[in-house]
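Protein chains: 4
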Amino acid sequence: MARLKYSDTAQGRKQQEEKYHRILDAALEVFADKGFHEAKVTEIARVAGVADGTIYLYFKNKDDLVVSLLEAKVAFINDLMNKSVSDIADGRDRVHHMVRFHVRLAYENPALTRFLTVELRRGSAFVKTHAQKAVRTYLDTWGETIEMGQRQGHFRSDIDAGIVKHLVFGALDYACMAWVMNPDRTVEQLNRVMRETTELVLRGIAVSQQGARWTPTPDFGRVEA
Amino acid sequence: MARLKYSDTAQGRKQQEEKYHRILDAALEVFADKGFHEAKVTEIARVAGVADGTIYLYFKNKDDLVVSLLEAKVAFINDLMNKSVSDIADGRDRVHHMVRFHVRLAYENPALTRFLTVELRRGSAFVKTHAQKAVRTYLDTWGETIEMGQRQGHFRSDIDAGIVKHLVFGALDYACMAWVMNPDRTVEQLNRVMRETTELVLRGIAVSQQGARWTPTPDFGRVEA
Amino acid sequence: MARLKYSDTAQGRKQQEEKYHRILDAALEVFADKGFHEAKVTEIARVAGVADGTIYLYFKNKDDLVVSLLEAKVAFINDLMNKSVSDIADGRDRVHHMVRFHVRLAYENPALTRFLTVELRRGSAFVKTHAQKAVRTYLDTWGETIEMGQRQGHFRSDIDAGIVKHLVFGALDYACMAWVMNPDRTVEQLNRVMRETTELVLRGIAVSQQGARWTPTPDFGRVEA
Amino acid sequence: MARLKYSDTAQGRKQQEEKYHRILDAALEVFADKGFHEAKVTEIARVAGVADGTIYLYFKNKDDLVVSLLEAKVAFINDLMNKSVSDIADGRDRVHHMVRFHVRLAYENPALTRFLTVELRRGSAFVKTHAQKAVRTYLDTWGETIEMGQRQGHFRSDIDAGIVKHLVFGALDYACMAWVMNPDRTVEQLNRVMRETTELVLRGIAVSQQGARWTPTPDFGRVEA
DNA sequence: TATGAATGAGAATTCATTCAT
DNA sequence: TATGAATGAATTCTCATTCAT
Numbered sequence: 011m012a013r014l015k016y017s018d019t020a021q022g023r024k025q026q027e028e029k030y031h032r033i034l035d036a037a038l039e040v041f042a043d044k045g046f047h048e049a050k051v052t053e054i055a056r057v058a059g060v061a062d063g064t065i066y067l068y069f070k071n072k073d074d075l076v077v078s079l080l081e082a083k084v085a086f087i088n089d090l091m092n093k094s095v096s097d098i099a100d101g102r103d104r105v106h107h108m109v110r111f112h113v114r115l116a117y118e119n120p121a122l123t124r125f126l127t128v129e130l131r132r133g134s135a136f137v138k139t140h141a142q143k144a145v146r147t148y149l150d151t152w153g154e155t156i157e158m159g160q161r162q163g164h165f166r167s168d169i170d171a172g173i174v175k176h177l178v179f180g181a182l183d184y185a186c187m188a189w190v191m192n193p194d195r196t197v198e199q200l201n202r203v204m205r206e207t208t209e210l211v212l213r214g215i216a217v218s219q220q221g222a223r224w225t226p227t228p229d230f231g232r233v234e235a
Numbered sequence: 011m012a013r014l015k016y017s018d019t020a021q022g023r024k025q026q027e028e029k030y031h032r033i034l035d036a037a038l039e040v041f042a043d044k045g046f047h048e049a050k051v052t053e054i055a056r057v058a059g060v061a062d063g064t065i066y067l068y069f070k071n072k073d074d075l076v077v078s079l080l081e082a083k084v085a086f087i088n089d090l091m092n093k094s095v096s097d098i099a100d101g102r103d104r105v106h107h108m109v110r111f112h113v114r115l116a117y118e119n120p121a122l123t124r125f126l127t128v129e130l131r132r133g134s135a136f137v138k139t140h141a142q143k144a145v146r147t148y149l150d151t152w153g154e155t156i157e158m159g160q161r162q163g164h165f166r167s168d169i170d171a172g173i174v175k176h177l178v179f180g181a182l183d184y185a186c187m188a189w190v191m192n193p194d195r196t197v198e199q200l201n202r203v204m205r206e207t208t209e210l211v212l213r214g215i216a217v218s219q220q221g222a223r224w225t226p227t228p229d230f231g232r233v234e235a
Numbered sequence: 011m012a013r014l015k016y017s018d019t020a021q022g023r024k025q026q027e028e029k030y031h032r033i034l035d036a037a038l039e040v041f042a043d044k045g046f047h048e049a050k051v052t053e054i055a056r057v058a059g060v061a062d063g064t065i066y067l068y069f070k071n072k073d074d075l076v077v078s079l080l081e082a083k084v085a086f087i088n089d090l091m092n093k094s095v096s097d098i099a100d101g102r103d104r105v106h107h108m109v110r111f112h113v114r115l116a117y118e119n120p121a122l123t124r125f126l127t128v129e130l131r132r133g134s135a136f137v138k139t140h141a142q143k144a145v146r147t148y149l150d151t152w153g154e155t156i157e158m159g160q161r162q163g164h165f166r167s168d169i170d171a172g173i174v175k176h177l178v179f180g181a182l183d184y185a186c187m188a189w190v191m192n193p194d195r196t197v198e199q200l201n202r203v204m205r206e207t208t209e210l211v212l213r214g215i216a217v218s219q220q221g222a223r224w225t226p227t228p229d230f231g232r233v234e235a
Numbered sequence: 011m012a013r014l015k016y017s018d019t020a021q022g023r024k025q026q027e028e029k030y031h032r033i034l035d036a037a038l039e040v041f042a043d044k045g046f047h048e049a050k051v052t053e054i055a056r057v058a059g060v061a062d063g064t065i066y067l068y069f070k071n072k073d074d075l076v077v078s079l080l081e082a083k084v085a086f087i088n089d090l091m092n093k094s095v096s097d098i099a100d101g102r103d104r105v106h107h108m109v110r111f112h113v114r115l116a117y118e119n120p121a122l123t124r125f126l127t128v129e130l131r132r133g134s135a136f137v138k139t140h141a142q143k144a145v146r147t148y149l150d151t152w153g154e155t156i157e158m159g160q161r162q163g164h165f166r167s168d169i170d171a172g173i174v175k176h177l178v179f180g181a182l183d184y185a186c187m188a189w190v191m192n193p194d195r196t197v198e199q200l201n202r203v204m205r206e207t208t209e210l211v212l213r214g215i216a217v218s219q220q221g222a223r224w225t226p227t228p229d230f231g232r233v234e235a
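Chains as they are written, first to last, in our numbering: chain A, 11 to 235; chain B, 11 to 235; chain C, 11 to 235; chain D, 11 to 235.
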């Protein structure tokens, strides 16, 4: 909220918040579609159904808009992930859940996926800083999961969690991006991505194949979606 | 060479080609550093040591410049990879070699790595098309390698090569990007990336751990670099 | 009062007027500080303690606001000057008093001085017209003073009052502006300005130095301020 | 010359300089007419007969354009004044010449006069600094002239040159501005301004009326203009 | 061919003014 | 009346591309 004077009434506050989110949503859509530079403020405004100037009541400038969007979405993701993962005590189960979580996120938020895969790699030093901070928490959760499995004796102790977390994240990120970009994408493909990734990772880091507990991760996208 | 129709002397032709490559090299450097939009044609010209207008004698426009660069570099990489991989008959060895190849490329061409990791995800529909075509060959080589290992009975027959190639590529791509972006990067780290990736992938797709042949991939960057 | 048509109670009328003047005062402060274009309506509203929109209940637009301010202040000055000068019968005494009046005004209203010195020269044709009309009365009083002295035989009959009034006004205006702009200004300096101006003018236009009556103008700023 | 790469050929250099001055001239005209803020870059470009963007090849931005103009014109004026005044040994003669110089400048450069009277009083802190530096030399020359006359015993020793220079400058500045703004202005009026100012100042500061040497300053604007 | 000054379309941002509450 | 969020016209500045030399 850059230039907005504080609104007294509860209703006014609610309307402001609603508009703030309408702009963020529009920004997500347009940034995902075009990337930062090809996304024009005018188009974001049009999609949000507000005037160009209105955007500058809620955000200092275009940069502030991406960064705010980035932070909001990353906070949302990290929250969600913590909820769906924090109380899982077995490292192997956590891998199952985290892969499932990542893939499902892509399934339910294709625009967010496109936005993140592109913007987290943007050149601009300014955004790069924010972007790196943004993925860190996510990567760290992967790191902790791996170390947890190592402590439990399920994952090999000689693997470097600091590197493997990059490998796992990169694998998921790229596969999901490829899926999202594909105009003919189906849920089946994504379920396959989930299963292949889980197997690849668990077999890849398990102390022995026996130790990896091959409970297949249940499919999604049918009943639920 | 976009618009150069003829050149009288052999020497003239050589000078032209030399200038063409000087521009491409400059473009690589500047694009890698700033990304497409923040890279200014004027700066590329300055780095190449030519006038702004000269660039338009060799390339139709800025888009054509990135695309040409992309294609040139991808062709270069695919050539190189074919040479270092095509005569390897064992799927497992090919995995060893391909990972080593990818990592080494990042080591020897950090600018190229930064350029590719960013530009292969660019928004513009035009570039996106070209980019996808560009990685395709590379991904396909990974696909063939996996299928080869499956036919040889070393890799599980139930894995989907079309998905696993994305996982492997994504893992390598992200880990290498992270390494390249890190200002304190060392060769040791990269060697570890190479070993971890190879192990993760081979164990992940092998029919059994016995079948995966754990010859460690030799380090690089000491004697050679 | 631009658009306020009526007000029910006497108290309501008084409150309106009070707000009207609060806005004018705020405008003076901000215009003096920033000049017309750099002064933002929002800031004037903030200083006045009203909402942006409220300003447009009292003034047609930003131009109307400066012009109203200009006219109000010029009326105030002319009133004040008439009071302190109209009953002085001797041209030489009037010069004394008018210089003193001008200088003292600057002393007591630095913001007004800065506002006038800048805005009376503003570009916009619209404001320029109003500005010229605004100084006219002031200049005319100077003109009459000079002519009075001429009729009384104290000032040379060959001087052109229509020109000399400009000279005197310009001299006072610039010297006062220079004083107001100077962050290290002191009352002493301003008293010196007053004395130098009085002497320069009186000697400059007197028929003879004997005729100029050198009663020194008393200092100010000590007891009174 | 903000972004212009250096031009090799002598002819190119000359053309560049010519365009640089065409833009400055156009800027003078438009700034004089409208003032800084109401002067649009597009109009300056139109008057100069160049594209909008061209202005930014020669000047960093609009501010740089005014400041450059200011500095160029002030340098021009100071040069001219030094030439026409520096070898005059008698303080009284110098007053004659300096008044004549000022008035004549207004006569020959009405646009410059309008530009200076407005812009030297502009609000913007940035320009204000430059503006004050700009008049300083001019004011100093007046100060020296007065002190010279004092040393020679022609001007009263009790006057404060530091104040009187402001008075004289202000008087000339305002009278010339009034003349320039007047659409019905004639040379005669200006000649009268010159004579009145000279007399007012010389009588005002002379030790005695006898000492002031009343050689009338010769008219101008007839034979020469 | 090569140059680089000139171009002008295009984009972000500001801010006076309006109007629903 | 008073408010202040919303508006969108207007303006500055950038930079890919052209073209006269």
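No residue lacks a Cβ here, since even glycine has one placed at the ideal position from N, Cα and C.
Can a CB atom of chain B be found closer than 9 Å to the CB of residue i?
| i | result |
| --- | --- |
| A235 of chain A | Caution applies to A235 of chain A, whose pLDDT of 39 falls short of 50 and renders its modelled position unreliable; the value that the coordinates give is listed next. Cβ-Cβ to chain B under 9 Å: no for A235 of chain A. |
Which partner residues does residue i have in the DSSP bridge list?
| i | result |
| --- | --- |
| A216 of chain A | A:F165 |
Strictly under 9 Å for the Cβ-Cβ distance: is residue i near chain D by that measure?
| i | result |
| --- | --- |
| M11 of chain C | Caution is warranted here: a pLDDT of 46 is assigned to M11 of chain C, below 50, making its placement in the model unreliable, and the coordinate value is therefore given only provisionally. So no, M11 of chain C is outside the interface. |
| M191 of chain C | yes |
| I173 of chain C | yes |
| Q199 of chain C | yes |
| S167 of chain C | no |
| K15 of chain C | Because K15 of chain C carries a pLDDT of 47, less than 50, the predicted location of this residue cannot be relied on, and no value is offered for it. |
Comparing C-alpha positions only, which one of the options sits nearest to residue i?
| i | options | result |
| --- | --- | --- |
| R161 of chain C | C:R195, C:T64, C:R102 | C:R102 |
| K44 of chain A | B:D89, B:D229, B:S96, B:V137 | B:V137 |
| K15 of chain D | D:K143, D:L67, D:I33, D:G153 | D:L67 |
| D150 of chain B | B:V40, B:N92, B:T52 | B:N92 |
| Y30 of chain B | B:T155, B:H176, B:K70 | B:K70 |
| M191 of chain B | A:Q142, A:N192, A:E206 | A:Q142 |
| L212 of chain A | A:V174, A:L38, A:A85, A:A20 | A:V174 |
| L210 of chain D | C:A61, C:N119, C:S218 | C:S218 |
| I87 of chain C | C:A116, C:E39, C:A61, C:K72 | C:A116 |
| G59 of chain B | B:L79, B:D74, B:I33 | B:I33 |
| L201 of chain C | C:F230, C:G180, C:A185 | The question names Leu, yet the displayed sequence has Asn at residue 201 of chain C. Measuring from the Cα of N201 of chain C, the nearest candidate turns out to be C:F230. |
Nearest chain C C-beta to residue i closer than 9 Å, yes or no?
| i | result |
| --- | --- |
| R114 of chain D | no |
| A185 of chain D | yes |
| R202 of chain D | yes |
| R213 of chain D | yes |
| L75 of chain D | no |
| K44 of chain D | yes |
| V178 of chain D | yes |
| T196 of chain D | no |
Tell me, please, whether the CB atom of residue i is closer than 9 Å to any CB atom in chain A?
| i | result |
| --- | --- |
| K138 of chain B | yes |
*Write down every uninterrupted run of the alpha helix (DSSP H) in the segment 116-141 of chain C whose length is 4 residues or greater and which is fully enclosed by it, in chain order.*
120-129
*Relative to chain A, which residues along the segment 105-131 of chain B have a C-beta separation below 7 Å, given in chain order?*
T127, V128, R131
*Closer than 8 Å, Cβ to any Cβ of chain A: which residues of the segment 146-157 of chain B, in chain order?*
none
*Selection of the segment 34-64 of chain D by Cβ proximity to chain C, strictly under 9 Å*: F41, A42, D43, K44, G45, F46, H47, E48, A49
_Cβ-based contacts, 9 Å cut-off: residues of the segment 78-101 of chain D near chain C_ = none
*If you scan the segment 36-106 of chain D from start to end, which runs of the alpha helix (DSSP H) of 4 or more residues do you find wholly inside it?*
51-58, 62-68, 72-95
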